[in-house]
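A.B. asks:
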Amino acid sequence: MNTNRHGDIVQALADAGFTLPAPPAPLAAYTPALQTGQLAFTSGQLPLVDGKLEATGKVGDGPGLISPDTAREQAARCALNALAALATMLGDLGRIARVAKLTGFVASDPAFTSQSAVIDGASELLKAAFGADGVHTRSAVGVAVLPKDSPVEVELTVALH
Amino acid sequence: MNTNRHGDIVQALADAGFTLPAPPAPLAAYTPALQTGQLAFTSGQLPLVDGKLEATGKVGDGPGLISPDTAREQAARCALNALAALATMLGDLGRIARVAKLTGFVASDPAFTSQSAVIDGASELLKAAFGADGVHTRSAVGVAVLPKDSPVEVELTVALH
Amino acid sequence: MNTNRHGDIVQALADAGFTLPAPPAPLAAYTPALQTGQLAFTSGQLPLVDGKLEATGKVGDGPGLISPDTAREQAARCALNALAALATMLGDLGRIARVAKLTGFVASDPAFTSQSAVIDGASELLKAAFGADGVHTRSAVGVAVLPKDSPVEVELTVALH
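Protein chains in written order, with our numbering: chain A, 1 to 161; chain B, 162 to 322; chain C, 323 to 483.
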C-alpha cells in the first residue's frame, strides 16, 4: 500500500541496529500471522535466529540463568520476528496503523521479578520502528518454562490502515 | 445462519473422533463465550468431561507427571469445549469465518519444553473442524499451575461471518 | 459521551466499596490503555495503590504465601486500576459497551490450584461496576512469578459504544 512507509520502518529498524529477518518457516496447523478485519495477530514468537535459539533456559540473576540484559536482547529479537511474520503476511509493514497489544512471556527463575525490564527490549524495538504508532498496551509475565526452553516469547496484536 | 455448514463442521469433528459436548454450565461473573462486533472470545477452557478433569497435575517426562501424549489429548478436549461454548453462544458454528487466535497454557514441569507439541492437539482439532479456516495464530506457554490442577487450558478468539 | 452513565458506574463502584484511583503514571515505550476501532485494550495491571504493592510474593495456602482471600482483594484492585486506565484514556467509562475479555495471572505456589477464586475478585468488581455489561470471558492461569513480585496481574479488552 504505502511502500515508502514500509521503507521508512525498515530504515528505522536499521538505524536501531536491526535487520528484518527472513519470514518464519511455514507451519502445519497454525500460522505465524493472520488478518481479520482491521486487526492482525501474530503467533507467539521465539527469539529464533536462522531457526535456532541463541540462548536457552530461565531468566534471572545468578549462575546458570540467562541474564536480564541478554533476555532483553532476546525480547527485541522476538519482536523483530513478529514484524517479519507481519511483513510476510501483509506484504507491507506500512499497513500497520498502530501496535495495539504486546504480550511478553519470560521464562523466569521464581526469584526474578524484573520481567518488565526484559520486555522493554521488545517495546523499545517497536517504538523505534513505528514511533508513536509503536506505543502499545502490554502485559509482561513470568512463566515456568517456554517452548524449546526459550527465555522469552512475544505475541503482537496490531491495528491496520 | 448456514445450518449445513454447522452440520459439516460437526461431521468433520465426528470424522476426527470427537463429539461436541453439552454446553458448559452457566457461571457467575463471567461467561464461556461472548461476541463483540465480528469477533468472539471464549473463556479459557479446561479439558472437562462431564464437568470433571480426567487427569490433573503437571505435564512432563517422568514419574508423577502427565505424559505429553495425554496432555495433547487434553488440549484437544479444551478446544472441543471452546467450540461447545461458541456453538451455544452463536447457535451455529457455521457463523465462524476463521479461527483467529489460540492461546494454550500448559501446566509444566520446569524441565518440559515441548508445549508446542501439546497444543498441537488443540490446533489439529480446529483444522479438522474448519479446514483452512481453522488455521490460526497461537501462543503456547508453560505455566506453573492451572485452575483445578488442570494440565492444559486453551482460549480462542474467532472471526465471524 | 454519556456522562450520567459514567457517574452511575462510579457510584456502583462506590456502593461496592471501591474508589476509582488516580490514573497510572505515564510510561516510556508502552501505554496503560489504547483504543483501536471499537475495542480498547489495557496493559496488564498490577494491584498498585499509590504506586506501591500492598503485598508481594506467591499465592497459596501456607506460611510465607499470600492467602487466597488477600489475593482476591488484590485482583479486584488490578481491575480497578484497569478501569482507571480506561477512564483516563476514554474520558468516560460510559463509553464501555461491554467488558469483553479478562486475563488474570496469579503468581502461584505450584500446589495452589484456586486461581479462579482469586480472579473472581476482579470479575465481581466488573460486574458490580457495569452489571450485565460487565460479564466477560476470562482466562485465569497460575504463573511462576510476576513483575515486582506482584501476586496478581489483570488485563482487559473492552468493546466501546
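Beta carbons are placed, not taken as given, at the ideal position from N, Cα and C, and that holds for glycine.
Can you name the start and end residues of the alpha helix (DSSP H) that residue 439 of chain C belongs to?
C.D. replies: 437-452
A.B. asks: Please check the pair residue 435 of chain C and residue 302 of chain B, which I expect to be a contact at CB under 8 Å, by giving their CB distance rounded to whole angstroms.
C.D. replies: With 8 Å as the limit, residue 435 of chain C and residue 302 of chain B do not qualify as a contact, their Cβ atoms being about 18 Å apart.
A.B. asks: Mind listing the chain B neighbours of residue 146 of chain A? Cutoff is C-beta to C-beta under 8 Å, in chain order.
C.D. replies: 274, 276, 302, 303
A.B. asks: Compare the C-beta of residue 404 of chain C against all C-beta atoms of chain A and say whether one is closer than 7 Å.
C.D. replies: no
A.B. asks: Does the Cβ of residue 190 of chain B have 16 or more other Cβ atoms within 10 Å, making it buried, or fewer, making it exposed?
C.D. replies: buried
A.B. asks: Find the residues of chain B that neighbour residue 57 of chain A, judging by a C-beta separation of less than 9 Å, and give them in chain order.
C.D. replies: Chain B residues near residue 57 of chain A: none, gap ~10 Å exceeds 9 Å.
A.B. asks: Can you tell me whether DSSP reads residue 167 of chain B as helix, strand or coil?
C.D. replies: helix
A.B. asks: Report all residues from its chain with a CB closer than 6 Å to the CB of residue 477 of chain C; omit the five preceding and five following residues, and keep chain order.
C.D. replies: 364, 366, 425
A.B. asks: Return helix, strand or coil for residue 58 of chain A, following the three-state DSSP convention.
C.D. replies: Reduced to three states, the DSSP call for residue 58 of chain A is coil.
A.B. asks: Give the DSSP bridge partners of residue 138 of chain A, in chain order.
C.D. replies: A/102
A.B. asks: Using beta-carbon positions only, say whether residue 186 of chain B and residue 290 of chain B come within less than 7 Å of one another.
C.D. replies: no
A.B. asks: Alpha carbon to alpha carbon, what distance is there between residue 110 of chain A and residue 62 of chain A?
C.D. replies: 12 Å
A.B. asks: So residue 357 of chain C is in the beta strand (DSSP E); what residue range does that whole segment cover?
C.D. replies: 355-358
A.B. asks: How would you call residue 446 of chain C, buried or exposed, if buried means at least 16 neighbouring beta carbons within 10 angstroms?
C.D. replies: buried
A.B. asks: Report the partner residues of residue 430 of chain C according to the DSSP bridge assignment.
C.D. replies: C/381
A.B. asks: Let's see if you can read the secondary structure: which residues bound the alpha helix (DSSP H) around residue 246 of chain B?
C.D. replies: 229-251
A.B. asks: Straight-line CA distance for residue 332 of chain C to residue 355 of chain C?
C.D. replies: 19 Å
A.B. asks: Are the C-beta of residue 323 of chain C and some C-beta of chain B separated by less than 7 Å?
C.D. replies: At residue 323 of chain C the pLDDT is 47, less than 50, meaning the model places this residue with poor confidence; the figure from the coordinates comes in the next sentence. It does not; no Cβ of chain B falls within 7 Å.
A.B. asks: Tell whether a beta-carbon distance below 7 Å holds between residue 430 of chain C and residue 381 of chain C.
C.D. replies: yes
A.B. asks: Compare the C-beta of residue 298 of chain B against all C-beta atoms of chain A and say whether one is closer than 7 Å.
C.D. replies: yes
A.B. asks: What separation, rounded to the nearest whole angstrom, lies between the Cα atoms of residue 68 of chain A and residue 150 of chain A?
C.D. replies: Using only the alpha carbons, I get a separation of about 14 Å.
A.B. asks: Can you grab the Cα-Cα spacing for the pair residue 160 of chain A / residue 54 of chain A, in whole Å?
C.D. replies: In this structure, the alpha-carbon of residue 160 of chain A lies about 32 Å from that of residue 54 of chain A.
A.B. asks: Please go through the same chain and pick out, in chain order, the residues whose beta-carbon is closer than 7 Å to the beta-carbon of residue 122 of chain A, but skip the five residues on each side of it.
C.D. replies: Contacts found: 75, 76, 78, 79, 102, 104, 154.
A.B. asks: Compare the C-beta of residue 420 of chain C with all C-beta atoms of chain B and state if any pair is closer than 7 Å.
C.D. replies: yes
A.B. asks: Quick check on the burial criterion: 16 or more other C-beta atoms within 10 angstroms. Buried or exposed for residue 344 of chain C?
C.D. replies: exposed
A.B. asks: Would you report the Cα separation of residue 1 of chain A and residue 453 of chain C, rounded to the nearest angstrom?
C.D. replies: Residue placement at residue 1 of chain A is poorly supported in this model, since its pLDDT is 47, which falls under 50; the coordinates still yield a value, given next. Spanning the two alpha carbons is a distance of roughly 43 Å.
A.B. asks: Contact check, residue 99 of chain A vs residue 158 of chain A under 8 Å by CB: the rounded distance?
C.D. replies: That belief holds up - the Cβ atoms of residue 99 of chain A and residue 158 of chain A are roughly 5 Å apart, short of 8 Å.
A.B. asks: Find the nearest neighbour of residue 437 of chain C within the set C/386, C/395, C/358, C/338, judged by alpha-carbon distance.
C.D. replies: C/395
A.B. asks: From the DSSP output, in three-state form, read off residue 320 of chain B for me.
C.D. replies: strand
A.B. asks: By DSSP, does residue 362 of chain C sit in helix, in strand, or in coil?
C.D. replies: strand
A.B. asks: Quick one: does residue 155 of chain A have its CB under 7 Å from some CB of chain B?
C.D. replies: yes
A.B. asks: Is the CB of residue 240 of chain B under 7 Å away from at least one CB in chain A?
C.D. replies: Judged by the 7 Å Cβ criterion, residue 240 of chain B is not in contact with chain A.
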